[in-house]
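See below for the structure under consideration.
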Amino acid sequence: MTVTATATATATVAASASDSGDLEERIRRTPDRFRVLTGDRPTGALHLGHYFGTLHNRVRLQELGVDVFVLVADYQVLTDRDVAERLTEITEGLLLDYLAIGIDPARSTIFNHSAVPALNQLMLPFLSLVSVAELGRNPTVKDEVAHSRQSAVSGLMFTYPVHQAADILFCKGNLVPVGRDQLPHLEVTRTVARRFNERYGTVFPEPEALLSAAPLLLGTDGTKMSKSRANSIALAADADETARLIKGAKTDAERHITYDPEGRPGVSSLVLLAALCLDRDPHAVAEEIGGGGAAVLKRTVTEAVNSAMAPIRARRAEYAQDMGYVRSVLRAGNERANAVADATLAEVRAAMGGVL
Ligand code: TRP
Numbered sequence: 002m003t004v005t006a007t008a009t010a011t012a013t014v015a016a017s018a019s020d021s022g023d024l025e026e027r028i029r030r031t032p033d034r035f036r037v038l039t040g041d042r043p044t045g046a047l048h049l050g051h052y053f054g055t056l057h058n059r060v061r062l063q064e065l066g067v068d069v070f071v072l073v074a075d076y077q078v079l080t081d082r083d084v085a086e087r088l089t090e091i092t093e094g095l096l097l098d099y100l101a102i103g104i105d106p107a108r109s110t111i112f113n114h115s116a117v118p119a120l121n122q123l124m125l126p127f128l129s130l131v132s133v134a135e136l137g138r139n140p141t142v143k144d145e146v147a148h149s150r151q152s153a154v155s156g157l158m159f160t161y162p163v164h165q166a167a168d169i170l171f172c173k174g175n176l177v178p179v180g181r182d183q184l185p186h187l188e189v190t191r192t193v194a195r196r197f198n199e200r201y202g203t204v205f206p207e208p209e210a211l212l213s214a215a216p217l218l219l220g221t222d223g224t225k226m227s228k229s230r231a232n233s234i235a236l237a238a239d240a241d242e243t244a245r246l247i248k249g250a251k252t253d254a255e256r257h258i259t260y261d262p263e264g265r266p267g268v269s270s271l272v273l274l275a276a277l278c279l280d281r282d283p284h285a286v287a288e289e290i291g292g293g294g295a296a297v298l299k300r301t302v303t304e305a306v307n308s309a310m311a312p313i314r315a316r317r318a319e320y321a322q323d324m325g326y327v328r329s330v331l332r333a334g335n336e337r338a339n340a341v342a343d344a345t346l347a348e349v350r351a352a353m354g355g356v357l
């Protein structure tokens, strides 16, 4: 089982989704017309949910010939935290994950917010293009506020979707592979681009979302797999840790294994994880396990994850031997991102009549 085969299987799912089919077709025909901007908050290790949800898709787009920018969204960590703890360590972990899954720094650009001043400067004119009422209606922000551990909502939490518009528009990204929770943010970006262009003349594209069609993977406790919920299996986890985490995963009392995401979320998410790793249909995987029950299910999942992730984990360990190189990848990416951001900011200044 190779990781490439897995990526292909999930891509097929994406291509057959009704709202992405036509877009997929255009990407395949003219990859050079697209620039992807996507990224991650450095709040913890990337996990299998990220891998099957978005990470493998970035590599697929890169391999199709699309110019891919990958952002380590370090300023976004400040939305919900007083102090960005362990930021360097987590950022370096992300870099290792990106390289291990096959992001190629010769073709793609890996960079971080805090190293690209002109990107951040775009937030100021962009903020002038949206109303406070519009910001207040963003459902993803509302949800994050509701789950926040902080007693007061910061101005950055309220406005970070506009910052995200700067993330995407600084490099004129026109394709953003996202999960459904990010769609309201992409709408903000499209609104900002449209209003800027109407007011000052056309500078920005109105980016399109490329929705991931991979079904949601649940964490080992049966809720959404999340960096902050201690229920995830990290890309970097070793084989023993993977076995331990899967052993502790929540199942149910019914012995016969079936794939029924609504009725049996815990069991079905394990079946799905095995199916994604094995590049097979989840119903077929469930049927094969059948009366074998939770024990056979967990053994199947553990073996599938460990063999699918083995090459990624081996490459990750190799890169970790050479952190000097890993840091140089970020430095080079930041240099490229700065050149692009400076050029865009100059265009923005000119369009706005020299102010700013
Ligand atoms: N908000 C995204 C997340 O939480 C990370 C992110 C920041 C992003 N800027 C972006 C994603 C721009 C897509 C485009 O995972």
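Our numbering applies: residue 2 is where the sequence shown begins, and numbers increase by one.
Just so it is clear, CB atoms sit at the ideal spot from N, CA and C, and this is done for glycine as well.
Note down the Cα distance separating residue i from residue j, rounded to an integer number of angstroms.
i	j	result
T221	A215	18 Å
I359	F112	Past the boundaries of the shown model lies residue 359; the chain is included only from 2 to 357, so the question cannot be answered.
G249	D261	20 Å
A231	P126	39 Å
R337	G292	55 Å
L346	I91	29 Å
D280	S308	12 Å
V131	H164	12 Å
L331	L176	22 Å
L274	M353	50 Å
D343	L170	12 Å
M2	R200	Because the pLDDT of M2 is 35, which lies under 50, any placement of that residue in the model is unreliable, and the question is left without a value.
G355	T31	35 Å
H284	T301	14 Å
T303	Y99	23 Å
V117	D253	49 Å
T11	M310	No answer about T11 holds up, because its pLDDT of 40 lies below 50 and its placement is not dependable.
R36	H186	18 Å
T224	R181	17 Å
E348	A240	50 Å
A295	L217	21 Å
V297	T55	29 Å
V78	P43	7 Å
T13	E242	Reliability fails at T13, whose pLDDT of 34 lies under 50, so the model's placement of it is uncertain and the value that follows must be treated cautiously. Looking at the two C-alpha atoms, the distance is approximately 31 Å.
H57	R138	32 Å
T9	M124	Any reading at T9 is ruled out, since the residue's pLDDT is 37, under 50, leaving its predicted position unreliable.
V272	A351	55 Å
I28	L212	13 Å
E288	R265	15 Å
R316	G202	46 Å
T80	S152	13 Å
Are residue i and residue j close, meaning C-beta to C-beta below 7 Å?
i	j	result
V133	V146	no
C172	V341	yes
L49	I234	yes
E207	R196	no
T110	G334	yes
A46	A318	no
G40	L65	no
T190	A166	yes
V268	A276	no
D75	H114	yes
G103	V69	no
L38	G174	yes
Y320	L97	yes
S149	L219	no
L128	F159	no
Tell me whether residue i sits in a helix, a strand or coil according to DSSP, three-state version.
i	result
T110	strand
F70	strand
L130	coil
D41	strand
V177	strand
A166	helix
K251	coil
Y161	helix
K228	coil
L274	helix
E362	Residue 362 falls outside the range modelled here, since the chain spans only 2 to 357, and no answer is possible.
E209	strand
H257	coil
A235	strand
L218	coil
R195	helix
R428	The requested residue 428 does not occur in the structure, where the chain is confined to residues 2 to 357.
A6	Below a pLDDT of 50, predicted positions are generally treated as unreliable, and A6, at 38, falls in that range; the measurement from the model is reported next regardless. In the structure shown, A6 sits in a helix (DSSP, three-state: H, G or I).
For the ligand ATP, is there a heavy atom less than 6 Å away from the beta-carbon of residue i?
i	result
T141	Questions concerning the ligand ATP fall outside what the structure shown contains, since the ligands it does hold are the ligand TRP.
Measure from the C-beta of residue i to each C-beta in chain D and report whether the shortest distance is under 7 Å.
i	result
L95	Of the protein chains in this structure there is only one, and it is not chain D.
Shell residues, 7 Å Cβ cut-off relative to heavy atoms of the ligand TRP:
Those residues that have a beta carbon less than 7 Å away from any non-hydrogen atom of the ligand TRP are, in order along the chain, L38, T39, G40, D41, R42, L72, A74, Q77, Q165, D168, I169, V177, V179, Q183, H186.
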